[in-house]
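Just so we're aligned: 681 in my numbering is position 63 of the sequence shown, and the numbers increase by one with no gaps anywhere.
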Amino acid sequence: MSIAQRGIIIPIKVMINDEGIYCVDGHKRCSACQILEETENREIEVNCMITNDFSKSGSTYWGARNHH
């Protein structure tokens, strides 16, 4: 089976920031879909998982939920 026949089973992980959307995990799956779109002249629907950017969160991010 191929991506053209079955699509992508495992979602691509993406991150959204001020500059736009970019791929975090699944670069080859994303590239394969782009190639299919170009060669077959059709849109490929891709499932994505949006990941959080915790780089801006401080030590108080978890608040009262992180008590041991």
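Cβ atoms here follow ideal geometry from the backbone N, Cα and C, with glycine treated the same way.
(message) For ILE630 and GLY638, I'd like the C-alpha separation in whole angstroms.
(response) It is roughly 16 Å from the alpha-carbon of ILE630 to the alpha-carbon of GLY638.
(request) Pick helix, strand or coil for ILE621, following the three-state DSSP scheme. (result) DSSP places ILE621 within a helical segment (H, G or I) once states are collapsed to three.
(message) Could you give the first and the last residue of the continuous alpha helix (DSSP H) run that contains ILE653?
(response) ILE653: member of the alpha helix (DSSP H) spanning 645 to 658, first to last residue.
(request) Put ILE639 into one of helix, strand or coil per three-state DSSP. (result) Strand at ILE639.
(message) I need the straight-line Cα distance from ILE621 to ILE634, nearest angstrom please.
(response) Using only the alpha carbons, I get a separation of about 25 Å.
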